[in-house]
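Sequence lines, in order, name chains U and X. Numbering that gives the first Met the number 0 puts the first residue of the first sequence at 0, with every later residue one more than the last. Numbering that gives the first Met the number 0 puts the first residue of the second sequence at 0, with every later residue one more than the last.
Number of protein chains: 2
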Amino acid sequence: MKPTIQLVAKKAGVSMSTVSRVMNNHPAVLPETRSKVLSVMKELDYIPNQLARGLSTNGFNNILIIFTRSSTQAADNPYFGNIIGSIGMVAEQNDYDLILHSNNNEDDEIEKALSMINSKLIKGIVLLSSRTNNKFLEVLAGTRIPIVVIGKYNPSLQSEYIVSVDTDNYQDCYDIGDYLLQMGHTHIGCIHAPLNHYVAVDRVQGLKDSMKAHHITVDEDCFVDGGDTVDTAYMAALNLLCSNQQLTAVFATDDIKALGVYKAARNMNLRIPEDISVFGHNDFDFSALLTPPLTTVRVPIHELGMISASKLFSMIKAEKKEANQMLPTKMQFRSSVANLNKP
Amino acid sequence: MKPTIQLVAKKAGVSMSTVSRVMNNHPAVLPETRSKVLSVMKELDYIPNQLARGLSTNGFNNILIIFTRSSTQAADNPYFGNIIGSIGMVAEQNDYDLILHSNNNEDDEIEKALSMINSKLIKGIVLLSSRTNNKFLEVLAGTRIPIVVIGKYNPSLQSEYIVSVDTDNYQDCYDIGDYLLQMGHTHIGCIHAPLNHYVAVDRVQGLKDSMKAHHITVDEDCFVDGGDTVDTAYMAALNLLCSNQQLTAVFATDDIKALGVYKAARNMNLRIPEDISVFGHNDFDFSALLTPPLTTVRVPIHELGMISASKLFSMIKAEKKEANQMLPTKMQFRSSVANLNKP
DNA sequence: CTTTTCTGTGGAAGCGTTTTCATGACTTGA
DNA sequence: TCAAGTCATGAAAACGCTTCCACAGAAAAG
């Protein structure tokens with residue numbers, strides 16, 4: 000039915016080997032033979048079969064993006080879209096395609112990834128937001144396929160094939176704590192992401208450690224899981240603010256959750272920052288345009304994606320390990336945090 | 000090196016055919032043979048090669064998501080992330096993987112897609128945001144592969160294999176025009192997306208036609224391309240508002256662009272809605288939490304993704320055409336539009 | 001006790017490429 | 001003029017699986 004290399008060969012009066020050589024720009028083929036073959040290919044509308052090709056050579060130029068959801072919900076966080084877009088641009092330049100897995104079952108994911116690697120379907124992996132229990136990386140480290148983790152991974156896991164690109168979540172959130180305390184806040188709550196991911200753990204821990212360093216009691220009840228969406232964060236914030244009226248500030252571990260806090264404050268008739276201060280994280284498009292503009296930390300999401308992809312490709316091509324990299328962030332002091340010191 | 004079906008067969012003392020049958024749950028294999036084979040497979044850590052498998056059968060269970068960028072910029076619009084996430088969930092349930100192409104060269108894209116189809120690498124396509132010049136669909140209609148377009152496509156293109164899922168952009172924007180006029184606005188500007196996509200064209204045309212129906216002169220200078228990002232929209236809005244001081248309302252064809260308008264208004268010391276009214280489109284997470292809350296039209300993005308994916312899979316599986324579907328939207332009247340009639 | 005029908009299994013031909021090796025023809029250098 | 005070296009090409013094996021066909025042996029039917 001579909002034209003194959005064999006048919007082309009026959010029509011052009013040459014062997015399959017020659018046709019193959021023409022396709023792969025092998026130098027040892029006479030110009031007239033080449034053009035003859037090319038014209039037959041055009042005439043027949045011949046399209047090479049990537050599968051067959053992959054089977055006899057070193058497979059496909061794909062990279063797998065694994066995006067571990069903490070819930071069964073599609074994450075509406077703009078972070079993921081942006082970062083996937085950035086990776087996509089670099090992939091496109093390198094003539095690679097993206098395969099996307101959004102899974103919330105780690106074992107399934109491991110099995111699928113192993114199968115893809117074994118089948119030479121992918122040449123590298125980008126792991127978005129790694130879990131604290133990192134079985135996935137432990138298993139995949141053994142496959143010698145380059146992996147870049149956008150985020151942190153188990154520090155005891157040493158591998159030539161795994162590299163991390165991240166921002167310093169712990170330090171940033173430690174600094175947020177410092178700032179909040181400096182502004183006179185001693186009753187601080189936190190709406191965070193589910194704690195089975197490093198990023199959430201580090202952000203929470205940074206804040207807590209900073210509070211402890213200033214001898215502020217950390218009330219565990221004031222640290223609540225705000226899920227992944229505005230709505231879940233809203234519910235969590237409502238709860239938090241109702242049951243802890245002494246709170247003067249809330250740290251939301253990303254600006255989507257801050258949106259939930261804004262919504263809760265509005266519905267409770269709490270003014271920001273007069274009645275409750277809010278500190279966010281990530282600095283999304285809308286953050287500066289909220290009322291009041293959200294104080295947050297700017298994460299270079301686009302760069303995170305670009306740099307990760309670049310590192311991945313240089314590992315794939317040069318087969319040498321890249322260095323881990325910590326990207327700089329920048330505090331965006333706007334007006335959602337009140338200074339309690341000057342009344 | 001890697002264990003193949005042949006090695007398994009040898010170790011288990013059976014033929015390759017039998018091993019294959021075991022893997023594919025063929026009924027005609029004795030229980031003891033089956034368990035023998037399975038144990039050898041486990042012992043050898045055998046993983047089937049998807050490529051080889053695909054080559055001899057009907058290929059892969061992948062669907063291709065094509066996401067046509069209008070610029071070279073990664074689109075930061077939350078719309079895409081959300082919709083891809085939704086499609087991903089349905090795909091996961093059906094045991095399909097997602098391949099993502101974000102391309103801005105249509106010819107390249109056509110060639111790549113044809114190659115993937117020819118190689119049995121994909122079973123269906125989701126096209127996000129189709130171009131007005133729809134060469135892509137025209138060419139691909141001939142391949143008999145199911146395609147769902149999220150958005151509109153050339154109505155003259157009839158195909159058993161193409162189905163569209165969309166909202167009624169034209170009508171919604173016509174209604175927006177009506178509303179604006181009813182509120183007393185007669186000098187209306189518009190910040191829209193690049194006009195090489197149906198969605199932008201329809202939204203703009205809806206507004207224009209509504210204005211014309213009310214005998215309001217449409218000033219082409221007040222319809223400007225706001226690109227794809229907050230920043231480009233901001234620049235466009237700044238320009239628009241500076242050079243057309245008589246404007247009392249601006250329609251932004253999506254809420255990301257509305258963000259740009261808010262920013263411009265703020266920087267020009269224009270109050271919303273007192274000095275300038277803003278109507279958005281899409282209703283993103285942040286829209287209700289802006290100050291003032293943005294009047295916009297709620298698009299069921301998640302449903303758009305889910306329904307598209309469902310239709311695609313039923314076309315793939317049942318091989319029968321699904322009906323086009325128009326999803327309902329809902330106006331969200333908030334407070335970014337002033338009523339000029341009651342002062 | 002034959003003949004027919006199942007059943008479980010093996011052999012081998014695909015699937016569509018790439019690539020190694022062999023083979024002639026044609027140069028080149030002494 | 002002949003041995004050695006290029007060069008363009010073809011034959012065939014390999015990549016790892018599926019599946020059609022054939023074939024025994026067992027079960028069912030006459």
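No residue lacks a Cβ here, since even glycine has one placed at the ideal position from N, Cα and C. This one's a predicted model, so the numbers in the text were calculated from it and none came from an experiment.
Residue-level contact by beta carbon holds for X/G80 and chain U, with a gap shorter than 8 Å. Taking the beta carbon of U/G123 as reference, no residue of chain X falls within 9 Å; the closest one sits roughly 15 Å away.
U/L97 and U/I86 do touch by the CB rule: their CB atoms are close to 7 Å apart, below 8 Å. Looking at U/I109, U/S118, U/T67 and U/D171, the one whose alpha-carbon comes closest to that of U/S129 is U/T67. Residues of chain U whose Cβ lies closer than 9 Å to the Cβ of X/T290 are, in chain order, L288, L289, T290 and P291. No Cβ of chain U is located within less than 8 Å of the beta carbon of X/H186. For U/I116, there is no enclosing beta strand (DSSP E); the enclosing alpha helix (DSSP H) has its first and last residue at E105 to N117. Taken atom to atom, the span from the alpha-carbon of X/D227 to that of X/K256 is near 8 Å.
Taken through DSSP and simplified to helix, strand or coil, U/S158 comes out as coil. Within the stretch 80-107 of chain X, those residues whose Cβ lies closer than 8 Å to any Cβ of chain U are, in chain order, G80, N81, I83, G84, S85, G87, M88, E91, D96, L97, I98, L99, H100, S101 and N102.
Listed along the chain, the chain X residues whose CB falls inside 7 Å of the CB of U/S128 amount to none; the nearest CB is some 14 Å away. With contacts defined by Cβ atoms closer than 8 Å, U/S163 and U/Y152 form a contacting pair. Here U/L97 carries a strand assignment [DSSP, helix/strand/coil].
Check the Cα spacing between U/E91 and each of X/K262, X/E108, X/F250 and X/E159: the tightest is with X/E108. Here the alpha carbons of U/K341 and X/D208 stand approximately 56 Å from one another. By the Cβ rule, the stretch 249-268 of chain U counts as touching the stretch 289-297 of chain U, because three or more pairs are nearer than 8 Å.
Here U/V164 is bridged, per DSSP, to U/I149 and U/Q324. Note on geometry: alpha-carbon atoms of U/A317 and U/K122 lie some 13 Å from one another. DSSP places X/A248 within a strand segment (E or B) once states are collapsed to three. Here U/L206 carries a helix assignment [DSSP, helix/strand/coil].
Rounded to the nearest angstrom, the Cβ distance from X/K310 to X/E321 is 4 Å, consistent with a contact under 8 Å.
Spatial neighbours of U/R143 in its own chain (CB-CB distance under 7 Å, excluding positions within 5 residues in sequence) are listed in chain order as Y160.
Taking a beta-carbon distance threshold of 8 Å, U/Y261 counts as an interface residue toward chain X.
With respect to X/G205, X/Y169 sits close: the two C-beta atoms are nearer than 8 Å.
Under the DSSP definition of a beta bridge, U/K134 lacks any partner.
Annotation: X/V229 is outside any beta strand (DSSP E); the continuous alpha helix (DSSP H) that includes it extends over V229 to S242. Non-local beta-carbon contacts of U/M314 in its own chain, meaning distances under 8 Å to residues more than five positions away in sequence, involve G123, P145, V147, Y160, V162, K320 and E321 in chain order. At a cut-off of 8 Å between beta-carbon atoms, U/D284 makes contact with chain X. No Cβ of chain X is located within less than 8 Å of the beta carbon of U/I65.
With contacts defined by Cβ atoms closer than 8 Å, X/V217 and X/A236 do not form a contacting pair. Counting along the chain, no beta strand (DSSP E) covers U/F285, and no H or E run does either. Of the other Cβ atoms in all chains shown, 16 or more fall within 10 Å of the Cβ of X/L139; this residue is therefore buried. Between the stretch 10-24 of chain X and the stretch 192-206 of chain U, the count of Cβ pairs shorter than 8 Å is below three; the stretches do not touch. Taking 8 Å as the threshold, the shortest C-beta distance from X/D75 to chain U falls below it.
Inter-segment contact for the stretch 238-248 of chain X and the stretch 181-191 of chain X is present: three or more beta-carbon pairs are separated by less than 8 Å. With respect to chain U, the C-beta atom of X/A51 has a partner C-beta closer than 8 Å.
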